[in-house]
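The letter at position 164 of the sequence shown is residue 164 when you use my numbering, and the numbering goes up by one with no holes. The block underneath contains the structure these notes are about, expressed in structure tokens.
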Amino acid sequence: MHDLNHQLKELCQRNRDGSFATQADRERLLALCANDLAQRGFQHLNADSLKPKHVAALLDKWKQDGVSTGTLKNRMSALRWWAEKVGKKNVIACSNAEYGIDKRVFVTNVSKAKVLDADMLARVTDSYTRMSLQLQAAFGLRREESIKIKPGWADCGSFLRLQDSWTKGGKYREVPITTAQQRAVLDAAKALAEKGSLIPAQLRYRDQLNRFRAQCDKAGVHGVHGLRHEYAQRRYGELTGWPCPASGGITSKQLTAADKPADQDARLKLSREMGHFRSQVTSIYLGR
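See below:
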């Protein structure tokens, strides 16, 4: 491990800002920054050596690598956190626009859905990670929810309940169980977890999160948030009887006056099931 990698890891361990998932993501992104700086020829750096030329070198590499706008923004957030913690906040401009990073486009009618197929699952060797992926696909769960969930407690027969301590923003919610496939996945999760969660008894959440990431990377399973997109699009079709715009259906403007109430009702219901509670957010998954 390079000195910079080690120092950034210690910096993260001393500053526990945000959730466990946020902390783990930040530590991973800063390790990537350290590795990319080393590849660019910057040797023997310390955590407090950060300068504008280092930021410029990283951005140049990432843009050459074709990194997406959303990913660039996430990496810049990690860099700003690093700069702030070492007292060098001014080495990075406050606005991403100054670096030519465009605004992120949230709503498109291009599907980001990902289907969890048998081949993909077969490459995942950890049974807990495999089950979390299946729950994400079946119920549209976020990654953290699919790891922390206690299937035995969550199963209420006709719906799945999600405890506030598992969810983003601490919002309790319920997801209906409407298909035999959902029931089969949930029963399998209960058999694996017994009375506990999908975190093995000897591990903490952060340990299982790291195992989940490593398992997905090794198996070539990327973009797991796409499973949530697939759930939303499938559920919209169940609720309305027609495909959403992101799945090739007509746009909201093209809907007849008679169909628009059903579209709005489905979006409201989906927003609650997915833990957003605002129908506008569903456009990210469904298109508009």
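Where is the CB? At the ideal position from N, CA and C, for every residue including glycine. Computed from a prediction, not measured in an experiment: that's the story for all the values here.
Proximity of residue i and residue j at Cβ, strictly below 8 Å
i       : j       : result
His-6   : Ala-38  : no
Glu-144 : Arg-161 : no
Lys-9   : Leu-50  : no
Thr-282 : Ala-232 : yes
Asn-96  : Leu-29  : no
Lys-61  : Asp-36  : yes
Thr-69  : Asp-102 : yes
Ser-146 : Leu-198 : yes
Val-185 : Leu-227 : no
Leu-133 : Val-55  : no
Val-107 : Ile-284 : yes
Ala-188 : Met-131 : yes
Ala-47  : Leu-79  : no
Ala-138 : Gln-182 : yes
Exposure of residue i, with buried meaning 16 or more beta-carbon neighbours within 10 Å
i       : result
Gly-140 : buried
Asp-207 : exposed
Lys-253 : exposed
Tyr-172 : exposed
Gly-157 : exposed
Leu-72  : buried
Pro-245 : buried
Phe-277 : exposed
Arg-204 : exposed
Inter-residue Cα distance where the pair is residue i and residue j
i       : j       : result
Arg-148 : Leu-255 : Looking at the sequence shown, residue 148 is not Arg but Lys. Spanning the two alpha carbons is a distance of roughly 39 Å.
Gln-215 : Arg-235 : 28 Å
Leu-45  : Ser-165 : 39 Å
Ala-219 : Pro-261 : 42 Å
Leu-32  : Gly-248 : 37 Å
Tyr-99  : Arg-40  : 19 Å
Gln-202 : Gly-196 : 12 Å
Asn-90  : Lys-53  : 13 Å
Ser-111 : Glu-230 : 9 Å
Arg-213 : Ala-257 : 45 Å
Asn-15  : Asp-117 : 39 Å
Gly-152 : Leu-192 : 10 Å
Per-residue DSSP class, three states only, for residue i
i       : result
Phe-159 : strand
Arg-173 : strand
Ile-284 : helix
Lys-114 : coil
Ser-197 : coil
Lys-190 : helix
Arg-75  : helix
Trp-166 : coil
Cys-12  : helix
Cys-244 : coil
Met-274 : coil
Leu-37  : helix
Gln-181 : helix
His-229 : helix
Gln-19  : The question names Gln, yet the displayed sequence has Ser at residue 19. It is coil, neither helix nor strand.
Val-91  : helix
Chain-order list of residues whose beta-carbon lies under 8 Å from that of residue i (same chain, five-residue window excluded)
i       : result
Pro-200 : Tyr-128, Gln-208
Same chain only: Cβ atoms within 6 Å of residue i, ignoring 5 sequence neighbours per side
i       : result
Gly-237 : Pro-243
Thr-240 : Ala-262, Ala-266
8 Å Cβ cutoff, residue i in contact with chain B
i       : result
Arg-272 : In the displayed structure, chain B is absent; only one protein chain is listed.
Own chain partners of residue i with C-beta closer than 7 Å, once the 5 adjacent residues on each side are dropped
i       : result
Phe-159 : Glu-174, Val-175, Pro-176, Ile-177
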